[in-house]
Every structure is written in structure tokens, then in C-alpha cells.
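Engineer: What follows is a single structure, and I will ask about it in a moment.
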Amino acid sequence: MTAWLRRHPLAAFLPLQALLYCWNLAELSPWGDEAGTLLAVRGTLHNLIQFAAHDVHPPLYYLLLFYWQKMPLGIDWAVQARLISVLFALLGTVALDQFWGARFEERTRLTLLALWTLSPCLLLYARMCRSYSLQALFAIVAAALLSQVAAQSTWRKAALLALALLGALYTHYVAGIALIATATLMLFYRRRWRAALAIDGAIAIGYLPWIWRLAASLASWGSNGRSYTLTGSRVLELPVKFAYWSMSFVMGEAVPDAVLVLGALLLPLLAAVAWQGARRTPELAWMAAALSAIGFIGVAHWVSYPFVPARMLFVLPFFLLLIARGAAQGSSQGAAARGAGVWRRWGNPAVAAMLLVSLSGIWCYFHKTGFRNKQYPMPILEIAGRILRDSGAGDSAILVDSTNSDPIALLYALDGQRSLLQTSLPETPAALTRLLADPRIRTVWFLRNTHDVSPAGLNAQFQAQLGARMAETVHQYEPYTPLERVIMGTPMGPPMRRRDAPRYFHELIEFRR
6 MTAWLRRHPL AAFLPLQALL YCWNLAELSP WGDEAGTLLA VRGTLHNLIQ FAAHDVHPPL
66 YYLLLFYWQK MPLGIDWAVQ ARLISVLFAL LGTVALDQFW GARFEERTRL TLLALWTLSP
126 CLLLYARMCR SYSLQALFAI VAAALLSQVA AQSTWRKAAL LALALLGALY THYVAGIALI
186 ATATLMLFYR RRWRAALAID GAIAIGYLPW IWRLAASLAS WGSNGRSYTL TGSRVLELPV
246 KFAYWSMSFV MGEAVPDAVL VLGALLLPLL AAVAWQGARR TPELAWMAAA LSAIGFIGVA
306 HWVSYPFVPA RMLFVLPFFL LLIARGAAQG SSQGAAARGA GVWRRWGNPA VAAMLLVSLS
366 GIWCYFHKTG FRNKQYPMPI LEIAGRILRD SGAGDSAILV DSTNSDPIAL LYALDGQRSL
426 LQTSLPETPA ALTRLLADPR IRTVWFLRNT HDVSPAGLNA QFQAQLGARM AETVHQYEPY
486 TPLERVIMGT PMGPPMRRRD APRYFHELIE FRR
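The working numbering applies: residue 6 is where the sequence shown begins, and numbers increase by one.
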């Protein structure tokens with residue numbers, strides 16, 4: 006039995022992954038992007054495609070999700086939507102093993118499957134109603150086909166590669182462009198001129214129905230300046246984004262302070278192991294480097310640091326494969342064998358440590374603790390339940406910090422039972438003044454981020470306006486860890502030094518007459 010499992014490792018890893026990824030899919034409340042998708046997919050297909058275009062996304066994932074949601078599975082709407090992302094991740098596991106793991110020795114194959122199956126980064130993003138796991142699936146397949154075409158070009162292989170690249174481009178612009186650019190560069194380098202030109206031509210023809218939206222999105226990318234920066238500088242923000250991306254790929258994003266510090270010490274060792282894997286597999290290293298560089302340029306210019314790992318998830322399988330290759334035992338003789346012995350001594354502990362850190366990340370994820378992007382574990386459903394339970398539709402109002410909070414998630418959680426006001430809309434101040442003048446309004450709820458980045462301090466202005474007329478009760482959510490407070494510059498000493506320093510990520514302020 007053991008020998009059979011070693012020959013067919015998917016028989017063990019795939020059920021384990023399915024159990025992990027399907028376990029309590031309603032664990033986290035839908036956050037902004039998820040909630041927007043869940044609301045849009047309830048409408049018509051035409052409106053959903055328009056939503057995708059406006060949201061700077063190609064339509065393939067939304068088409069698949071639309072028809073998937075039509076299936077009468079009898080489960081929660083959000084859970085069903087997340088389930089298709091899990092299925093893409095499971096297909097990715099099969100593809101990663103069959104197209105890549107099976108190429109190498111048993112040790113590499115088993116290490117790769119263990120790292121991939123237990124990756125807390127993949128767990129986080131494959132359980133979201135988003136296209137991340139579908140992007141990773143296309144990347145795994147396309148890169149494998151590219152390797153085959155570069156080695157021996159046939160029209161059949163070239164056609165399959167063109168389809169895989171087209172599918173990636175119809176799923177997400179960054180993943181698609183990075184894969185197409187990498188394929189073109191590699192085929193040109195291998196002097197597969199005809200194959201490269203034929204593939205690019207086929208993609209151009211196949212993408213004609215959506216090319217106008219791609220052009221608009223590229224123009225929007227070039228003029229984007231909306232990303233929140235931690236440092237206040239776009240240049241200084243790049244190492245922050247790279248560090249957060251590295252943390253997510255190695256440890257996940259639900260990491261206790263102690264594990265985060267120890268994991269940071271592990272990063273250089275894993276980088277060295279990955280470098281050894283790159284030396285053993287130059288072609289794979291070249292593809293991984295090109296995908297990473299092109300993808301990071303596209304993503305880093307567009308999104309803030311907490312959202313880089315999700316958009317770069319299509320690179321994760323190749324990062325893990327390089328680590329698995331670097332940690333595997335060498336088979337050469339002499340000096341090379343002695344070098345392999347050195348890497349065996351360091352590679353095995355590095356992989357073992359990464360797996361331990363991964364298990365910690367999985368535990369933290371399911372216990373909703375240690376999240377670095379605190380928007381993900383925010384109990385929006387609980388907040389909506391409190392609002393609906395403790396106030397009536399006719400005697401209350403809801404105000405949401407739309408600059409740095411999540412009005413779409415709250416709107417989804419309220420399930421059409423209440424409307425809300427958004428702080429950044431120009432009509433909100435007048436609407437709130439009218440509500441305060443109405444004696445029937447007994448309660449106003451204000452959901453806000455404790456870090457006020459609103460223009461001209463709108464959050465503080467609204468809070469002062471409400472506080473002057475009503476008594477306030479603050480409900481706090483998602484505490485910052487000690488390490489996060491240090492990084493934010495919050496003193497760890499006596500509270501009188503900084504009484505106004507936020508200790509929680511979000512507040513629901515209940516104003517009552």
C-alpha cells in the first residue's frame with residue numbers, strides 16, 4: 006500500500022486538500038471584492054459582464070461563476086461561489102503533479118505536493134470567490150506546454166499552448182500578459198520564430214472581442230495613482246510590497262508575531278534553497294523569473310501591498326517547485342555530489358521548517374487569528390446582525406467609511422434589509438443633516454477604519470457631528486498585535502503617552518439619542 010501511494014501520491018494529497026479547502030467555507034465573511042462579485046452574479050449575464058469590465062477584469066471567470074451559481078446545489082450562495090474556486094485549486098494540484106511533479110524524482114514530487122497542499126497562501130485565496138486559483142491553474146498548464154513547445158514544436162502543442170495562454174488572458178490581465186510575454190521571449194530565445202508568431206497571432210485573433218477593454222485597462226493602469234502606501238513613497242513602497250509578497254508565499258497571511266519573526270529568519274535560507282533549485286532546473290528558473298518580474302511590475306503599480314500576493318498567486322507553483330528541486334537529493338558524483346550533500350543538510354530542515362510554518366498558518370486561518378490583512382477576517386456578518394437586531398429600519402441609519410472601510414461587504418451582509426450612506430459621496434453630509442433633524446431617527450451606526458485617510462478628515466468630522474447630538478458606544482473589531490503597534494509607531498509603554506493610538510482595526514460606533 007505504501008509503495009502504491011508513493012507511485013500515486015495524489016491519492017493521499019488530493020483528499021487531504023479537498024478536506025482542508027472545503028471545511029467550513031463560510032468561515033470568513035465575504036469582503037469587498039467578493040461581496041461585489043456575489044451581488045453582481047445575482048443579476049443578468051449582460052450586467053455581470055459589464056461589472057467585470059468596469060472592475061478591470063476579463064470575463065471568463067465571471068462567465069463560469071454565473072453558470073455555476075445556476076446549479077441547484079442547495080447550499081449558501083457565498084459558499085457555492087467559493088466552491089468553484091476550490092475546484093480550480095484541486096485541478097491545479099492534479100495539473101501541477103502530472104505536468105511538473107511527475108517529471109522529477111520521487112523526492113521532488115512528494116515535497117512539491119506537500120508544500121502546495123499545505124500552503125496557507127493558497128488556502129486563503131483558493132477559498133475566495135475570486136479568480137486567483139483559476140489563474141494559477143492556467144499558469145501551471147501554460148508553462149508546462151511552453152516547455153514542451155520550446156523543446157519540440159508541433160502544431161498540436163502550439164495550438165494547446167495558444168489556448169492556455171488565451172484562457173489566462175481572458176481570466177486576468179496580469180497573469181495573461183505575463184504568461185504571453187514569457188512564452189514569446191522563451192520561444193524567440195529558442196529560435197522558434199514561427200511557433201511564437203503563430204501563437205501570438207492566434208491569441209490576438211481570439212482576443213478581438215475583448216481587446217477594447219484590454220486597451221482601456223492598460224490606459225487606466227498607466228494613469229493609476231490611487232494605491233494606498235504605507236511609507237508615503239511609491240519607491241519605498243516597492244520593498245514593502247515585495248516583503249509582504251514573500252511573507253504570504255512562505256507563511257501565509259495569518260501569522261502570529263513570534264512565527265512572523267522566526268519565519269523572517271527562514272526566508273534567506275529558503276531563497277538559497279530556491280536558488281539551488283534554479284541551478285538544477287534552469288528552464289524552470291527562467292520562466293519563474295520572467296513571470297515574477299513582469300507580474301510584479303504590473304501588480305505593484307496597481308494595488309497596495311496587502312493585495313500583491315493574491316494577484317501574484319499564479320507564480321506560487323513555480324516558487325514551490327524551485328524549493329522542492331533545491332531541497333531534493335542530487336544524483337551526480339564527485340564535487341557535485343558533495344554540493345548535493347550540503348544542500349541535503351540545509352534543504353531538508355528548510356522544507357521541514359516551511360511545512361511547520363504552513364501548519365501554523367492553517368491553524369491561525371481557521372481560528373481567525375494573526376491575520377495581517379485584517380479586512381479578510383472582519384466579522385461583517387456579525388456586524389450586520391448586530392445592526393439588524395438592535396435597531397429598526399424606520400428609526401435608524403447606517404454610515405460607512407467608504408475611503409478605508411468596506412461598504413460593499415456590509416451591503417451584501419445586510420441582504421437588502423437596509424440601505425447605507427457612504428462618507429465619500431458628495432450627497433452624504435446633507436443626507437446626514439436631514440436624518441439628525443428627523444426625531445424618528447433614534448440610532449445611527451457608523452462603521453469606520455480607525456486609521457482615518459479620508460479627505461480632510463471626513464470620518465472625524467462625521468463622528469464629531471454625530472457625537473454632538475447623540476451618545477456613542479464603540480464596538481471594536483480585529484485588534485492589532487504588539488508587533489503591528491510597534492511598526493505603526495504606537496508606543497508600548499504607558500497609555501498616557503499616546504491615548505489616541507488605535508489598538509483595533511475597525512470600529513462600529515453606535516450613536517443613540
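Glycine included, every Cβ here is placed at the ideal spot set by N, Cα and C. These numbers were taken from a predicted model, which means no experiment stands behind them.
Taking the straight line between their C-alpha atoms, what separation do you get for I216 and H480?
Structural biologist: 47 Å
Engineer: Considering V449, what are the terminal residues of the beta strand (DSSP E) in which it resides?
Structural biologist: First-last of the beta strand (DSSP E) with V449: T448 to N454.
Engineer: Rounded to whole angstroms, what is the Cα-Cα separation between R132 and L95?
Structural biologist: 11 Å
Engineer: Ignoring anything shorter than 4 residues, give me the alpha helix (DSSP H) runs that lie fully in the segment 157 to 232, in order along the chain.
Structural biologist: 160 to 176, 178 to 194, 198 to 211 and 216 to 227
Engineer: Got a sec? Which residues, its chain only, sit under 8 Å from A98 by beta carbon, not counting five neighbours each side?
Structural biologist: According to the sequence shown, residue 98 is Thr rather than Ala. Answer for T98: L15, F18, L19, Q22, L118, W121 and T122, listed in chain order.
Engineer: Cα separation between R11 and E110?
Structural biologist: Going by the C-alpha atoms only, they are around 11 Å apart.
Engineer: Give the secondary structure of V458 by DSSP, where H, G and I count as helix, E and B as strand, and everything else as coil.
Structural biologist: coil
Engineer: With DSSP as the reference, identify every bridge partner of E477, one or two as the case may be.
Structural biologist: Answer by DSSP bridge pairing, in chain order: F516.
Engineer: Within this structure, are the beta carbons of D395 and T448 separated by less than 9 Å?
Structural biologist: yes
Engineer: My guess is that L88 and F71 are in contact by the Cβ rule of under 8 Å, so how many angstroms apart are they, rounded?
Structural biologist: Contact flag wrong, Cβ pair sits at about 14 Å.
Engineer: To the nearest angstrom, how far is the alpha carbon of G211 from that of R195?
Structural biologist: 25 Å
Engineer: Quick check on the burial criterion: 16 or more other C-beta atoms within 10 angstroms. Buried or exposed for E432?
Structural biologist: Exposed.
Engineer: Residue range of the alpha helix (DSSP H) that S90 falls in?
Structural biologist: W82 to A100
Engineer: Starting from the N-terminal side, write out each stretch of the beta strand (DSSP E) that is 3 residues or longer and does not extend beyond the segment 378 to 453.
Structural biologist: 401 to 405
Engineer: Looking at the strands, I want to know which residues DSSP matches up with A259.
Structural biologist: For A259, which the question treats as bridged, DSSP gives the partners F376.
Engineer: In the DSSP output, what is Y509 paired with across the bridge?
Structural biologist: P484
Engineer: May I have a chain-ordered list of the alpha helix (DSSP H) segments no shorter than 4 residues that lie completely inside the segment 26 to 80?
Structural biologist: 37 to 45, 50 to 59 and 65 to 74
Engineer: Under DSSP, the alpha helix (DSSP H) around L10 begins and ends at which residues?
Structural biologist: T7 to R12
Engineer: Rounding to the nearest angstrom, what Cα-Cα distance links A276 and G282 in this structure?
Structural biologist: 10 Å
Engineer: In whole angstroms, what is the alpha-carbon distance linking T159 and L190?
Structural biologist: 18 Å
Engineer: Taking the alpha-carbon positions, what's the L440 to N409 distance?
Structural biologist: 23 Å
Engineer: When you compare the CB positions of A147 and A188, do they come within less than 9 Å of one another, or not?
Structural biologist: yes
Engineer: One question on the structure: do R285 and G331 come within less than 9 Å of each other, judged by their Cβ atoms?
Structural biologist: yes
Engineer: Look at the Cβ atom of I413, then the Cβ atom of A40, and state whether they are nearer than 9 Å.
Structural biologist: yes
Engineer: Given this structure, state the Cα-to-Cα distance separating Y130 from H511, to the nearest angstrom.
Structural biologist: 22 Å
Engineer: Could you work out which residue in H59, L78, L219 and W450 is closest to Q468 when comparing CA atoms only?
Structural biologist: W450
Engineer: Kindly give me the distance between the Cβ atoms of V362 and V264, rounded to whole angstroms, as I take these residues to be in contact under 8 Å.
Structural biologist: Yes, they are in contact, since the Cβ atoms of V362 and V264 sit about 6 Å apart, within 8 Å.
Engineer: Using the C-alpha atoms, what's the distance from L425 back to C126?
Structural biologist: 33 Å
Engineer: Look at A100 and A149 and say whether their C-beta atoms are less than 9 Å apart.
Structural biologist: yes
Engineer: Would you identify the three-state DSSP class for T113, choosing helix, strand or coil?
Structural biologist: helix
Engineer: State buried or exposed for T7, treating a residue as buried only when at least 16 other CB atoms are found within 10 Å of its CB.
Structural biologist: By the neighbour-count rule (16 or more Cβ atoms within 10 Å), T7 is not buried but exposed.
Engineer: Nearest to G206 by CA position, among L223, S225 and A163, is which residue?
Structural biologist: A163
Engineer: Taking just the CA atoms, how far does R474 sit from S4?
Structural biologist: Because the chain here runs from 6 to 518, residue 4 falls outside it and cannot be looked at.
Engineer: Assign D443 to one of two classes, buried (16 or more other C-beta atoms within 10 Å of its C-beta) or exposed (fewer than that).
Structural biologist: exposed
Engineer: Return the first residue and the last residue of the alpha helix (DSSP H) that R316 is part of.
Structural biologist: V313 to R316
Engineer: In three-state DSSP terms, what is C134?
Structural biologist: coil
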